[in-house]
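Okay, structure first, notes after.
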Amino acid sequence: MIADKTVVEDNVIIGDYSYVNSGSYIENCVIGKFCSISSGVYICPYEHNHQMRTTHPIIRYGKTDSPRMPVVIGNDVLISLNAVILEGVKIGDGAVIGAGAVVTKDVKSYEIVGGIPAKHIKFRFSSSDIEYLQSLKWWDWDIEKIKNNLDFLRKQKDSIQ
3 MIADKTVVED NVIIGDYSYV NSGSYIENCV IGKFCSISSG VYICPYEHNH QMRTTHPIIR
63 YGKTDSPRMP VVIGNDVLIS LNAVILEGVK IGDGAVIGAG AVVTKDVKSY EIVGGIPAKH
123 IKFRFSSSDI EYLQSLKWWD WDIEKIKNNL DFLRKQKDSI Q
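Here it is, written out as structure tokens:
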């Protein structure tokens with residue numbers, strides 16, 4: 003689902019069951035399945051080159067832009083309110099981006115980051131739990147299997163049906 007007042011450019015691929023809340027702007031990226039993207043999020047906005055004599059886009063006049071590196075977002079990622087993710091960043095499965103964060107570097111799977119620039123806060127789970135979840139790839143299950151295992155996904159049950 004893409005909410006009102008959100009811009010998703012043509013060079014964006016969004017996986018199944020992922021959603022983007024209102025007032026976000028997304029370009030040049032691939033988003034995995036089951037991602038939750040909050041309001042006011044900017045992904046891969048154009049960056050001005052501050053090393054030139056002017057930062058104004060007039061310097062591009064008559065030139066085609068050089069290709070920009072896409073942002074790649076894994077599955078089951080939470081990107082909180084007003085976060086900004088810059089060009090070329092890769093975000094691993096299960097990561098959490100804190101509200102207002104500016105992400106300038108890659109984020110590992112199940113890592114929580116926040117701040118300006120975003121820094122490591124902690125991992126959501128132990129390394130063995132992360133390894134287990136990545137091997138399960140629950141986001142690739144069919145929807146019926148997911149529905150049958152909601153208690154497992156809620157961490158209220160240890161076994162999978």
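Start counting the sequence shown at 3; every next residue gets the next number (the working numbering). C-beta atoms are modelled at their ideal positions from N, C-alpha and C, and glycine is treated no differently. As the structure is a prediction and not an experimental result, all values here were calculated from the model.
Cβ atoms of residue j and residue i: under 8 Å apart, would you say?
{"i": "Glu29", "j": "Ile15", "result": "no"}
{"i": "Gly100", "j": "Val79", "result": "no"}
{"i": "Ile75", "j": "Cys31", "result": "yes"}
Would you kindly work out how many angstroms separate the C-alpha atoms of residue i and residue j, rounded to a whole number?
{"i": "Val73", "j": "Asp142", "result": "21 Å"}
{"i": "Lys7", "j": "Leu83", "result": "15 Å"}
{"i": "Lys121", "j": "Ile60", "result": "34 Å"}
{"i": "Phe127", "j": "Thr57", "result": "42 Å"}
{"i": "Val104", "j": "Lys35", "result": "22 Å"}
{"i": "Tyr48", "j": "Ser40", "result": "20 Å"}
{"i": "Asp12", "j": "Ala5", "result": "16 Å"}
{"i": "Ile93", "j": "Gly17", "result": "14 Å"}
{"i": "Glu113", "j": "Ile87", "result": "15 Å"}
{"i": "Lys107", "j": "Lys157", "result": "30 Å"}
{"i": "Met3", "j": "Val22", "result": "6 Å"}
{"i": "Arg55", "j": "Pro119", "result": "25 Å"}
{"i": "Val98", "j": "Tyr63", "result": "38 Å"}
{"i": "Asp117", "j": "Ala85", "result": "Checking the displayed sequence, the identity of residue 117 turns out to be Gly instead of Asp. Whole-angstrom Cα-Cα distance: 9 Å."}
{"i": "Asp160", "j": "Asp144", "result": "19 Å"}
{"i": "Gln136", "j": "Glu89", "result": "25 Å"}
{"i": "Lys147", "j": "Tyr19", "result": "15 Å"}
{"i": "Lys149", "j": "Leu138", "result": "15 Å"}
{"i": "Ser38", "j": "Gly102", "result": "15 Å"}
From the DSSP output, which residues share a beta bridge with residue i?
{"i": "Gly116", "result": "Lys121"}
{"i": "Leu80", "result": "Ser38 and Val98"}
{"i": "Val86", "result": "Tyr44 and Val104"}
{"i": "Lys139", "result": "Looking at the DSSP assignment, Lys139 forms no beta bridge with any residue, so it has no partner."}
{"i": "Ile93", "result": "Ile75 and Val109"}
{"i": "Ile148", "result": "None, per the DSSP bridge assignment."}
Sorted by chain position, which residues of the same chain lie with C-beta nearer than 7 Å to residue i's C-beta, five sequence neighbours on each side aside?
{"i": "Asn151", "result": "Ile162 and Gln163"}
{"i": "Ser111", "result": "Gly76, Gly94, Asp95, Gly96, Ala97, Ile132 and Gln136"}
Shorter than 8 Å from the beta carbon of residue i to some beta carbon of chain D?
{"i": "Tyr134", "result": "Going by chain labels, chain D is absent from the structure shown, which holds only one protein chain."}
Give every residue of the same chain whose Cβ lies closer than 6 Å to the Cβ of residue i, excluding the five residues on either side of it in the sequence, and list them in chain order.
{"i": "Tyr27", "result": "Val9 and Tyr44"}
{"i": "Met71", "result": "Glu89 and Gly90"}
ask   = What are the complete beta strand (DSSP E) segments, minimum 3 residues, inside the segment 14 to 74?
value = 14 to 16 and 31 to 33
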